Structure formats: structure tokens, C-alpha cells
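Colleague: Right, I'll just put the structure down here and ask away after.
Number of protein chains: 2
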Amino acid sequence: MRGYDKYAHEPFAVTVDLAVLTVRAGALHVLLVERGQEPYAGRWALPGGFLLPDESAETAARRELAEETGLDALPGLRLEQLRTYSEPGRDPRMRVVSVAFTALLADPPEPRGGGDAAQARWLPCTAAGTLAFDHDRILADARERVRALLENTGAATAFCPPEFTLGELRQVYETVWDTPLDAANFRRKALAVPGFVAPVPGAARLTQGRGKPAALYRAGPATALHPPLLRPPREGRTP
Amino acid sequence: MRGYDKYAHEPFAVTVDLAVLTVRAGALHVLLVERGQEPYAGRWALPGGFLLPDESAETAARRELAEETGLDALPGLRLEQLRTYSEPGRDPRMRVVSVAFTALLADPPEPRGGGDAAQARWLPCTAAGTLAFDHDRILADARERVRALLENTGAATAFCPPEFTLGELRQVYETVWDTPLDAANFRRKALAVPGFVAPVPGAARLTQGRGKPAALYRAGPATALHPPLLRPPREGRTP
DNA sequence: CGATTAATGGTCTTCTTGACCATAAAGGGT
DNA sequence: ACCCTTTATGGTCAAGAAGACCATTAATCG
């Protein structure tokens, strides 16, 4: 149909859901809340909430993120619109259309519990188990999206502190892709992408435990990676 | 906020908008309708409409597409969810959240005019001019999405008839990317991607005008292209 | 028939990638 | 203090991929 006027338009509730990810202890973690009310009381779910009347979905997502993590608008926070989920019946109470977002954080604080939720916590994605609503699906889509983002954009730096070593950046890739990478080759490729990372000029160095101190880098201005950092192909060719 | 119950949820109108693209006469065309009613009466717009109470956005998009083009569910029709647009004020009448989709068609029929719209037509993207609402933005996003789809997925075959020559496939890439490609190198790369295209066994051939007859291919089973077909980098390196 | 056009197959050179090796520079343990 | 482990960094080498071209084939157009 071409116009907005011919058919009566049903009202829908519109929400945002957030897959907020971070890399912690070599594993991808997601911010989850334990629902305090029916339906799905006691189950873990992605944080989210209703759009306010004058908000865009992006604005609502940033507001929800600030509320959940206690962080106010982080400068340069990457917030990716993931997908919109609109299947009838995805919320047993009413018709809800939800716009899902992915956010990538480095060194986030522990979320403040309370509010509607019984608690809020960072949990490893592998331990997420069965989430409320269709949030398992959303989380799976978010993980796949992030894997692709690391290939084609500089998003990996969002998982790192403002200054980071190439070893830390490589660990982000290894964690998200779940693949070991050759340190020397990764360095060569990362440095070959214009605008991906920029060395911190003041010969700065940092020791993170054992081993030789590493040079520090900052995120570069590039949003798209040319050439992309392709993840190694999985086994199973077509010979 | 963590629950769906604490705050009153405002009702929103939810629509789908469709950027239906096809390659015709060496140019990317988009299906547009001329609005018959205010606002934006007389202006071209993307086809779209309201979700029905029991429809998912995908279902609504397919229904709208069938209504606009007169085509019933095409087998294997590619329908990509593009993005959701939710800025307040994007529709002057009321708060509308719109889920945008991209569809790729080969040899589509002329759309039937009528309905709410004054007329419906295929127009070259370059001649789209200024569309109603925020549809210029949606169309621009759709074009960029399709450019990326050709790199990483087998979506280009959706612009081709069921059996096609590699020359036709290459013209799709050249049109969408707006870049000339070397015929021999394109062939080598396309055939090297497992599952991208499969030769039609019966030594079938087809002549499309002048030149040597070309072998026919069908779309292969691959959804993701490994390795991807990267578009040639634009000028402007960092030497 | 000869010119033109498009498909297809090959070559050649350059670049990229992955696998590895070597060295440097720190910490830990004895 | 000394050796071992760990991580960073630089370099090599061979295999593969990509872009630039050339040659041949097989149609249509004039």
C-alpha cells in the first residue's frame, strides 16, 4: 500500500534491547539483567526498555545503557544498530517491536543492581544459557555482527583502553573470533591498514605482566578497514 | 530500565519501507510511488505501509512488495532488513517507527499503478531526486548496503535471471559499484569462490547480442563469499 | 567478407598471507 | 645472580591472489 492513511494503523509498543559486550579475562562477556517480574521472572535477559515519546531508538539505547552501567555518555561510544525483531508473540503480554543495538565497552564498571531487575551482571557469553524472550537469538546475532565488525571496521579498539598494545588488540580478535592468531603476522597486517591504529609518539611503553614491554597505540581515524582483516577460514573446503 | 512494566509505554505506529532495487539498462533502478495524499502529495517515495496486527516486519514487507509489483512470493527472494528509522518528526503527522528493507529483483514487471499512490514506477537511483520523508536517507543507506552485499554475499545473482552469463553478472557488479571491472579477472575470481556460481551442465549457451556466446551459470548455494569479492579501492592512498 | 564485440584462457609481475625463525627485553624461580 | 619462560618485534621464504595485458574464438553488424 502506498499511503499511510488508507488502513487503520494498529499501535505497537516499541522497545530497545541492548547487547552490551566487553572482553574480560579472555572471554566475551555480555551485560545481563535478572528479571524481577513475570514473564520470565528470575531469568536472565538483555537490558532494554521502552522508547519515550520524544526519543529515537538510538537515544533510548544510550539512555538505557547509561542507566544500566552507571556510565554517562562515553565519548566515541560505538553503538551499532543490530536488527529489529518484530515477530508476533515474542513478548507474551502484548505486541512489542524491539530495535536491538550492540555496544562495545572496554573495562566497564560492575553494573549497579536494583531497579526493576533483581540484579545486573557481566556474564560470559558461553555461560549465558537460556535467556528470556528471544534474547538468545539477539545475542547470537550480536556476536556474529561483532565478528564481522572486527573484520571490516576498527571496532576492536572499542574493546581496548584509550592506549593499548598490539598484543591487547590481538587478544580482542582472538577472543571474539575464538581463533589463535600469529602475533607477528597480526602486527604486520594491523599496521598496514591506514588509519587503524596510530603509535603514541612519546616512545611510551607499558608492561602488562611478563615479557618485553610493548609500544602503545591509539585508535586511528579509520572507520572502515582497507584492506579488511579477514578471519582465517574455518575448516571444510569444497575440494 | 530492566522491566517492561515500570513505565507506561507509549504506542507507536510501525511501518515498513522498501528499497526495491533492480539493474536495468546498465543503471540501478529503484521502485518508487508518487504520493497521492498529504503530506508530500505529488512527491516520490519508497513503497511501504503499516504492519498488520499479526504480521512480522518481514511478512509485511513481502506483502507490500507483492502488492506493489504484482508479484507473489518469489522463490528465494532476497529480502534484507536494512535498518530501523525512528527519529521523532520523520513523519509530520504522528510518531512512526519504520523498519526498512532492501529487495533485489531481476527483470521485474512494471508496477501496477493505482491504490493510494498516483502512480508507481521504476526510476534510476540517480534520477530519484528528493523523496518524501527521510526516504533519501533510506535509499542512500540501501545503496551502500547493496554495494557491501555484492562484496560479501552472493546477492548479485538476485539481480540476474535464473540462468545468466558471467558477463551479465559482471555488469551487475559494475553497475552497483559504478566501476569498470576486467572481464577476465572477474571471471577468475568469481569462479574461484566455492559455491558462488555453478555452471549449467548441458553445455548450454546463450547469445545476448554480439560477441562469442557465453556459458550459462546458476546461483550457487553459498550465502557468504569466501574469499569476498572486494571492490577496487578508490583513489587516495596514504603514501 | 572484414570489422567489431564479447567470452575465455593464459602469462607475468607484484602484493599479500601464512608459517616460521631469531632476537630483544622483561619477570619468576631457584 | 642465572636460567627459563613469556611477549614483542623484525625478518625470511614460499605459496597464493590480484591487477594488467595479450591472444584466440565465435558470434553479429555493415
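Protein sequences, first through last, are from chains A and B. Each residue of the first sequence is one higher than the last, beginning at 8 in this note's numbering. Each residue of the second sequence is one higher than the last, beginning at 8 in this note's numbering. All residues carry an ideal CB built from backbone N, CA and C; glycine is no exception. Source: prediction; values computed, not measured.
#1: What separation, rounded to the nearest whole angstrom, lies between the Cα atoms of A:Pro-235 and A:Phe-57?
#2: When DSSP builds the beta bridges, which residues end up paired with B:Pro-131?
#3: Against chain B, which members of the region 87 to 111 of chain A pass a CB distance test of less than 8 Å?
#4: Tell me where the alpha helix (DSSP H) around A:Val-288 begins and ends.
#5: Please confirm if A:Val-16 has its CB atom under 9 Å from at least one CB of chain B.
#6: Using a Cβ distance threshold of 8 Å, determine whether the region 39 to 47 of chain B contacts the region 128 to 140 of chain B, with at least three qualifying pairs required.
#7: If contacts are defined as beta-carbon pairs under 8 Å, then A:Arg-102 and A:Ala-20 qualify, I think. What distance do you get, rounded to the angstrom?
#8: What is the rounded straight-line gap between the Cα of A:Thr-230 and the Cα of B:Lys-219?
#9: Does DSSP put A:Gln-44 in a helix, in a strand, or in coil?
#10: When the cut-off is 9 Å and only beta carbons count, does B:Glu-62 lie next to chain A?
#11: Could you give the distance in angstroms between the alpha-carbon of A:Thr-172 and the alpha-carbon of A:Val-30?
#12: Any contact between the region 149 to 156 of chain A and the region 62 to 72 of chain A? By contact I mean 3 or more CB pairs, one from each, below 8 Å.
#13: Helix, strand or coil, according to DSSP, for B:Arg-225 in the structure here?
#14: What's the gap between the Cα of A:Thr-22 and the Cα of B:Leu-138?
#15: For chain B, check one thing: does any of its Cβ atoms lie closer than 9 Å to the Cβ of A:Glu-117?
#16: Could you check if B:Ala-110 belongs to the surroundings of the ligand SAH, using beta carbon to heavy atom distance under 8 Å?
#17: Do we get a CB-CB distance below 9 Å when we pair B:Thr-245 with the residues of chain A?
#18: By Cβ distance, which residues of its chain are closer than 8 Å to A:Asp-114, with the 5 residues on each side in sequence left out?
#19: State buried or exposed for B:Ala-190, treating a residue as buried only when at least 16 other CB atoms are found within 10 Å of its CB.
#20: Closer than 9 Å, CB to CB, is A:Ala-20 near chain B or not?
#21: Name the residue from B:Ser-63, B:His-142, B:Val-27, B:Thr-164 whose alpha carbon lies nearest to the alpha carbon of A:Ser-93.
#22: Taking B:Pro-95 as the reference, give the member of B:Gln-178, B:Ser-105, B:Leu-86 with the closest Cα.
#23: Does B:Leu-237 come within less than 9 Å of chain A when only Cβ atoms are used?
#24: Who are the Cβ neighbours of B:His-233 in its own chain at under 6 Å, not counting the five residues just before and after it?
#25: Note down, in chain order, every chain B residue with its Cβ under 8 Å from the Cβ of A:Phe-203.
#26: Which ranges would you report for the alpha helix (DSSP H) in the region 71 to 100 of chain A if only whole runs of at least 4 residues count?
#27: How about A:Thr-186 and A:Gly-33: do their beta carbons lie closer than 9 Å?
#28: Under the three-state reduction of DSSP, which class applies to B:Ala-68: helix, strand or coil?
#29: Please report the residue range of the alpha helix (DSSP H) in which A:Val-183 lies.
#30: Can you name the start and end residues of the alpha helix (DSSP H) that B:Phe-193 belongs to?
#31: Taking Cβ to Cβ, would you say A:Leu-84 is nearer than 9 Å to A:Ala-165?
#32: Chain B partners of A:Pro-240, CB-CB under 9 Å?
#33: Taking the alpha carbon of B:Gly-49 as the point to measure from, which residue in B:Leu-25, B:Pro-60, B:Ala-124 has its own alpha carbon closest?
#34: Please classify A:Ala-110: does DSSP put it in a helix, a strand, or coil?
#35: Taking any Cβ of chain B, which residues in the region 145 to 168 of chain A have a Cβ under 7 Å from it, in chain order?
#36: Secondary structure at B:Thr-22, three-state DSSP: helix, strand or coil?
Modeller: The relevant details are as follows:
#1: The count along the first sequence starts at 1 and reaches residue 235 of chain A at position 228. The count along the first sequence starts at 1 and reaches residue 57 of chain A at position 50. Using only the alpha carbons, I get a separation of about 36 Å.
#2: Residue numbering aside, residue 131 of chain B sits at position 124 when the second sequence is read from its first letter. Note: B:Pro-131 sits in a beta bridge opposite B:His-36.
#3: Gln-88, Arg-90, Thr-91, Ser-93, Glu-94, Pro-95, Asp-98, Arg-100, Arg-102, Val-103, Val-104, Val-106
#4: With chain A represented from 8 up to 246, any question about residue 288 of chain A goes unanswered, as that position is not in the structure.
#5: Along the first sequence, one-based indexing puts residue 16 of chain A at 9. For the sequence presented, residue 16 of chain A should be read as His rather than Val. Cβ-Cβ to chain B under 9 Å: yes for A:His-16.
#6: As far as the Cβ criterion goes, the region 39 to 47 of chain B touches the region 128 to 140 of chain B, which means the pair count is three or higher.
#7: Within the first sequence, the letter at position 95 stands for residue 102 of chain A. Within the first sequence, the letter at position 13 stands for residue 20 of chain A. Contact holds; Cβ gap of about 7 Å.
#8: On the first sequence, residue 230 of chain A is found 223 positions in, with the first residue counted as 1. On the second sequence, residue 219 of chain B is found 212 positions in, with the first residue counted as 1. The straight-line gap from Cα to Cα measures roughly 44 Å.
#9: Residue mapping note: residue 44 of chain A aligns to position 37 of the first sequence, counting from 1. Correct three-state label for A:Gln-44: coil.
#10: Residue numbering aside, residue 62 of chain B sits at position 55 when the second sequence is read from its first letter. Taking Cβ atoms only, chain A reaches closer than 9 Å to B:Glu-62, which makes this a yes.
#11: Start at 1 with the first residue of the first sequence, and residue 172 of chain A comes out as number 165. Start at 1 with the first residue of the first sequence, and residue 30 of chain A comes out as number 23. Those two C-alpha atoms are separated by around 15 Å.
#12: The region 62 to 72 of chain A and the region 149 to 156 of chain A do not touch, with fewer than three beta-carbon pairs separated by less than 8 Å.
#13: The count along the second sequence starts at 1 and reaches residue 225 of chain B at position 218. DSSP places B:Arg-225 in strand when its eight states are reduced to three.
#14: Numbered from its first residue, the first sequence carries residue 22 of chain A at position 15. Numbered from its first residue, the second sequence carries residue 138 of chain B at position 131. Looking at the two C-alpha atoms, the distance is approximately 28 Å.
#15: Walking along the first sequence from the start, residue 117 of chain A turns up at place 110. Not closer than 9 Å to any Cβ of chain B, the Cβ of A:Glu-117 fails to qualify, so no.
#16: By its list of ligands, the structure shown contains no ligand whatsoever, and the ligand SAH lies outside what it can speak to.
#17: Locating residue 245 of chain B in the second sequence gives position 238, counting from the first residue. Only weak support exists for where B:Thr-245 lies, its pLDDT of 37 falling under 50; the value from the coordinates is given anyway. So yes, B:Thr-245 belongs to the interface.
#18: On the first sequence, residue 114 of chain A is found 107 positions in, with the first residue counted as 1. The residues are Thr-29, Pro-168.
#19: In the second sequence, residue 190 of chain B corresponds to position 183, counting from 1. Under this definition B:Ala-190 is an exposed residue.
#20: Sequence index remark: in the first sequence, residue 20 of chain A carries index 13 (1-based). Yes, contact with chain B.
#21: On the first sequence, position 86 is the one that residue 93 of chain A refers to. When only C-alpha atoms are compared, the closest one is B:Ser-63.
#22: Locating residue 95 of chain B in the second sequence gives position 88, where the first residue counts as 1. It is B:Ser-105 whose Cα lies nearest to the Cα of B:Pro-95.
#23: The sequence position of residue 237 of chain B within the second sequence is 230, counting from 1. Yes, because at least one Cβ of chain A sits closer than 9 Å to the Cβ of B:Leu-237.
#24: Numbered from 1 along the second sequence, position 226 holds the residue referred to as residue 233 of chain B. Cβ neighbours of B:His-233 beyond the five flanking positions: none.
#25: Within the first sequence, residue 203 of chain A is the residue found at index 196, counting from 1. Within 8 Å Cβ-Cβ: nothing; A:Phe-203 doesn't reach chain B, min ~11 Å.
#26: none
#27: The residue given as residue 186 of chain A occupies position 179 in the first sequence. The residue given as residue 33 of chain A occupies position 26 in the first sequence. Not closer than 9 Å, so no.
#28: Walking along the second sequence from the start, residue 68 of chain B turns up at place 61. Note: B:Ala-68 maps to helix in three-state DSSP.
#29: Walking along the first sequence from the start, residue 183 of chain A turns up at place 176. Where A:Val-183 is concerned, the enclosing alpha helix (DSSP H) stretches over 173 to 184.
#30: Against the second sequence, residue 193 of chain B aligns to sequence position 186. Looking at the DSSP string, the run of the alpha helix (DSSP H) that includes B:Phe-193 is 190 to 199.
#31: Here residue 84 of chain A refers to the residue found at position 77 of the first sequence. Here residue 165 of chain A refers to the residue found at position 158 of the first sequence. The criterion of a C-beta distance shorter than 9 Å is satisfied by A:Leu-84 and A:Ala-165.
#32: As a first step, residue 240 of chain A is located in the first sequence; it is residue number 233 there, counting from the start. Those within 9 Å of A:Pro-240 in chain B are His-233, Pro-234.
#33: Your numbering for residue 49 of chain B matches position 42 in the second sequence. For B:Gly-49, the nearest C-alpha among the options comes from B:Ala-124.
#34: In the first sequence, residue 110 of chain A corresponds to position 103, counting from 1. Looking at A:Ala-110 - three-state DSSP - the assignment turns out to be strand.
#35: Per Cβ criterion, the list is empty.
#36: Within the second sequence, numbered from 1, the residue matching residue 22 of chain B stands at position 15. It is a strand residue.
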